[in-house]
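For the protein sequence lines, the chains are A and B, in the order given.
Mapping of the first sequence onto our numbering: position 278 corresponds to residue 278, and the numbering continues sequentially without gaps.
Mapping of the second sequence onto our numbering: position 170 corresponds to residue 170, and the numbering continues sequentially without gaps.
Note that beta-carbon positions come from the ideal geometry of N, C-alpha and C, so glycine has one too.
In this text, all values refer to a predicted model and were calculated from it rather than measured experimentally.
Here is the structure we will look at, set down as structure tokens.
Protein chains: 2
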Amino acid sequence: MSTSVLQQDAPATSLPTLLGPVERELAQFEAMLAAELRSEHAFVDELVRYGCLIGGKRLRPALLLLCARAVGQVHDEHLTLATVVEMIHTATLIHDDVLDEASMRRHLATVNSRWDNESSVLLGDFLFTHAFHLASLLETTFACRRIGRATNRVCEGELRQKGSRGDFRLSETEYLSIIEAKTAELTACSCELGAYYAGGDEACVARCAAYGRDLGIAFQIADDILDLLGEESQTGKSLGTDLAKQKPTLPLIRLMTLLDERQREQLTQLLENGSQLRRELLLPLLERYSAIRYAADQARHYADQARRRLDGLPLNPAVDSLRRLTHFVVSRSA
Amino acid sequence: MSTSVLQQDAPATSLPTLLGPVERELAQFEAMLAAELRSEHAFVDELVRYGCLIGGKRLRPALLLLCARAVGQVHDEHLTLATVVEMIHTATLIHDDVLDEASMRRHLATVNSRWDNESSVLLGDFLFTHAFHLASLLETTFACRRIGRATNRVCEGELRQKGSRGDFRLSETEYLSIIEAKTAELTACSCELGAYYAGGDEACVARCAAYGRDLGIAFQIADDILDLLGEESQTGKSLGTDLAKQKPTLPLIRLMTLLDERQREQLTQLLENGSQLRRELLLPLLERYSAIRYAADQARHYADQARRRLDGLPLNPAVDSLRRLTHFVVSRSA
Numbered sequence: 001m002s003t004s005v006l007q008q009d010a011p012a013t014s015l016p017t018l019l020g021p022v023e024r025e026l027a028q029f030e031a032m033l034a035a036e037l038r039s040e041h042a043f044v045d046e047l048v049r050y051g052c053l054i055g056g057k058r059l060r061p062a063l064l065l066l067c068a069r070a071v072g073q074v075h076d077e078h079l080t081l082a083t084v085v086e087m088i089h090t091a092t093l094i095h096d097d098v099l100d101e102a103s104m105r106r107h108l109a110t111v112n113s114r115w116d117n118e119s120s121v122l123l124g125d126f127l128f129t130h131a132f133h134l135a136s137l138l139e140t141t142f143a144c145r146r147i148g149r150a151t152n153r154v155c156e157g158e159l160r161q162k163g164s165r166g167d168f169r170l171s172e173t174e175y176l177s178i179i180e181a182k183t184a185e186l187t188a189c190s191c192e193l194g195a196y197y198a199g200g201d202e203a204c205v206a207r208c209a210a211y212g213r214d215l216g217i218a219f220q221i222a223d224d225i226l227d228l229l230g231e232e233s234q235t236g237k238s239l240g241t242d243l244a245k246q247k248p249t250l251p252l253i254r255l256m257t258l259l260d261e262r263q264r265e266q267l268t269q270l271l272e273n274g275s276q277l278r279r280e281l282l283l284p285l286l287e288r289y290s291a292i293r294y295a296a297d298q299a300r301h302y303a304d305q306a307r308r309r310l311d312g313l314p315l316n317p318a319v320d321s322l323r324r325l326t327h328f329v330v331s332r333s334a
Numbered sequence: 001m002s003t004s005v006l007q008q009d010a011p012a013t014s015l016p017t018l019l020g021p022v023e024r025e026l027a028q029f030e031a032m033l034a035a036e037l038r039s040e041h042a043f044v045d046e047l048v049r050y051g052c053l054i055g056g057k058r059l060r061p062a063l064l065l066l067c068a069r070a071v072g073q074v075h076d077e078h079l080t081l082a083t084v085v086e087m088i089h090t091a092t093l094i095h096d097d098v099l100d101e102a103s104m105r106r107h108l109a110t111v112n113s114r115w116d117n118e119s120s121v122l123l124g125d126f127l128f129t130h131a132f133h134l135a136s137l138l139e140t141t142f143a144c145r146r147i148g149r150a151t152n153r154v155c156e157g158e159l160r161q162k163g164s165r166g167d168f169r170l171s172e173t174e175y176l177s178i179i180e181a182k183t184a185e186l187t188a189c190s191c192e193l194g195a196y197y198a199g200g201d202e203a204c205v206a207r208c209a210a211y212g213r214d215l216g217i218a219f220q221i222a223d224d225i226l227d228l229l230g231e232e233s234q235t236g237k238s239l240g241t242d243l244a245k246q247k248p249t250l251p252l253i254r255l256m257t258l259l260d261e262r263q264r265e266q267l268t269q270l271l272e273n274g275s276q277l278r279r280e281l282l283l284p285l286l287e288r289y290s291a292i293r294y295a296a297d298q299a300r301h302y303a304d305q306a307r308r309r310l311d312g313l314p315l316n317p318a319v320d321s322l323r324r325l326t327h328f329v330v331s332r333s334a
């Protein structure tokens, strides 16, 4: 079995080719991010520049800018907010890598492995607070409110996930609610801010937010599958950390519901013992019960739903990119 | 030698007796903090309530409310902002305890020792983001800007301190600049917001901010002395962590400047070896060179300066409390 289970409905497209309509704005955002993340103090400067490199796929800034373009024009506020959401996302990644004891991200050493956990904690805090300060420089409190609430829900989602470790009988509903908070809240917020600051009407802004939410859920389910099936050489990040940290993800939750009580107990024992073979022992079982296929179907379900949210928007290249992104997030191998 | 080196200019007064003029408002703030720090999710709820207990001495909310009362009336915004600054301070304490591997704070187990580092990282993030969201609910962006900038400077100060570990030849100027960022920025911000939202004029607001800055520097130097000389049973928190983490604090920096090169090298070796006896071996040397006395003099110098900042303010019980607080911060034993 390979990650091809994720690749049924569309050929994988690389992310950059989808972002054509906002290519110039993304370059402006990168310049702004680099300019913001400097410090006159050598150690701080070195760390924050590295943090900026190790950041995500720039998915959230891209969503924000595409939603702006889908609905109207890209303004200065959009560049500021793209920088804000990327800083917040990077802060959560850097803190996640401490929690997951991950050593690799985007083919680079994580901050915790190159420096130490302390540097990671402080760098994450620096990025969070820098992002909030930047958002506060806009004219009204709208962005601060939306970003403050979203970010707090992200943290609550992370805490709920931490509290659910080892609980492989977690319901699918609770799992979805957790990933909605920890992942989809920030993608929804990015899309909403993009549409709002482009002057979109209320229905339009709500549509973009709902798109971002469904897309975020699809993205996270796909991410959980990649953690089980992916190749580190391809994803460029530490994998298997969900199992190591006993996070109940959708394939495992599904598998649990299909087993009888005795099997459930045996599986729980397997998951609880620290064996390096866990992943290898688990895969045939997940295959036999089509548990990964089920999770991939759920990811596609949310991606389809995201696509339908776009139906009321104008026909233009940015909306087309948003549509194609729904295929990308569930067919990616990295 | 004992902490009495800090107790020359005034008898130690307990903090609560100084806060009479804002006693009622502090109770309202406590109620608001408790109401904000709840969650419908059991694990999150348990953690955030504990975090609220383990928080600081409520010095920052008290400064904010006293500066409001010094200049005018306490309004709803003040209670919100008192809650915000205390949440931010608590977030930094909880992350600090991870960095310092501290096990005790306010006579309670730290979050990292009662739960684990992961819970501490996430709880700190939750408190930061909750605070920013709360600040954004005010009418204008003023508080968000001030708090965003201050908090980012706090984090930068923490990073600079981390970068200076083991560098016992750090200059006194650089040391002061670091503690100004990591500690005094938030006390200055608390005082400034208190005066601003009470309708104080520009000079008044600037005076309160300057008071808070000097007081914060005095407070931090006294804190560094307590880490060397204090009794854990009295302070209720883990001590000696500065030495364990090789933080250059003022007594050590002073001592270094008074030694000859050969002695400096020997001292560096002593500081670098992980001996449990470090504190005991160090104290006679600090005594011989009056290095702790020098640091205590510096703390008193900043406390005096803070007191003089109040000279232009009206004569009222709140200003009197602010004045007496300048004695408290340098004569406390906990």
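Counting of Cβ neighbours within 10 angstroms places THR257 (chain A) among the exposed residues, the total staying below 16.
Taking all protein chains in view, the Cβ of GLU86 (chain B) is crowded by 16 or more other Cβ atoms within 10 Å, so the residue is classified as buried. In the displayed model, ALA102 (chain B) falls within coil according to three-state DSSP, outside both helix and strand.
Contact with chain B is absent for GLU185 (chain A), since none of that chain's Cβ atoms lies less than 8 Å from the residue's Cβ. Counting C-beta pairs with one atom in each stretch, the region 158 to 168 of chain B and the region 100 to 111 of chain B have fewer than three that are closer than 8 Å, which means they do not touch.
The Cβ atoms of LEU93 (chain B) and ALA62 (chain B) do not sit closer than 8 Å to each other. Excluding residues up to 5 positions away in sequence, ARG278, LEU281 and LEU282 lie with their Cβ nearer than 8 Å to the Cβ of LEU270 (chain B) in the same chain. Proximity of SER136 (chain B) to chain A, defined by a Cβ-Cβ separation below 8 Å, is satisfied. Considering only beta carbons, the part of the region 104 to 134 of chain B lying closer than 8 Å to chain A consists of ASN117, GLU118, SER119, VAL121, LEU122, LEU123, GLY124, ASP125, PHE126, PHE128, THR129, HIS130, PHE132, HIS133 and LEU134, in chain order.
For LEU229 (chain A), the number of other beta carbons within 10 angstroms of its own is at least 16, and it is reported as buried. Within its own chain, the residues whose Cβ lies closer than 7 Å to the Cβ of ALA188 (chain A), once the five positions on either side in sequence are excluded, are ALA209, GLY212, ARG213 and GLY216, listed in chain order. Counting only runs of 4+ residues, the alpha helix (DSSP H) found wholly inside the region 278 to 325 of chain A occupies 278 to 288 and 291 to 309, in chain order. Annotated three-state conformation of ALA42 (chain B) is helix, per DSSP. For GLY163 (chain B), the nearest beta carbon of chain A is closer than 8 Å to its own beta carbon.
For LEU53 (chain B), the number of other beta carbons within 10 angstroms of its own is below 16, and it is reported as exposed.
For PHE132 (chain B), the uninterrupted alpha helix (DSSP H) run begins and ends at 117 to 136, by DSSP. Secondary structure within the region 18 to 42 of chain A: not one fully enclosed beta strand (DSSP E) run of 3 or more consecutive residues is present. GLU202 (chain B) counts as exposed, since fewer than 16 other beta carbons sit within 10 angstroms of its beta carbon. For GLY148 (chain A), at least one C-beta of chain B is nearer than 8 Å to its own C-beta.
Within the region 71 to 103 of chain A, there are no complete beta strand (DSSP E) runs of at least 3 residues.
Contact of GLU77 (chain A) with chain B by beta-carbon distance below 7 Å is absent, the smallest such distance being about 13 Å. If you keep only unbroken alpha helix (DSSP H) runs of at least 4 residues inside the region 172 to 209 of chain B, you get 172 to 179 and 185 to 197. Of the residues assessed, ASP76 (chain B) falls on the exposed side of the cut-off, its CB having fewer than 16 other CB atoms within 10 angstroms. Closest in alpha carbon position to VAL330 (chain A), among A:PRO314, A:ALA299 and A:LEU134, is A:ALA299. For LEU108 (chain B), the secondary structure class from DSSP, reduced to helix, strand or coil, is strand.
Put simply, the CB of CYS144 (chain B) is near chain A, with a gap under 8 Å to one of its CB atoms.
For PRO248 (chain B), there is no enclosing alpha helix (DSSP H), as DSSP marks it with neither H nor E. The beta carbon of THR241 (chain B) sits no closer than 8 Å to any beta carbon of chain A. Annotated three-state conformation of GLU231 (chain A) is coil, per DSSP. Contact between the region 235 to 247 of chain A and the region 141 to 157 of chain A is not established, with fewer than three Cβ pairs separated by less than 8 Å.
At a C-beta separation below 9 Å, LEU99 (chain A) has these neighbours in chain B: ASN117, GLU118, VAL121 and LEU122. For LYS162 (chain A), the enclosing alpha helix (DSSP H) stretches over residues 142 to 163. Distance between GLU174 (chain A) and ILE253 (chain A), taken at the CA atoms: about 11 Å.
Cβ-Cβ separation between GLY72 (chain B) and ALA198 (chain B): approximately 4 Å, consistent with a contact (criterion under 8 Å).
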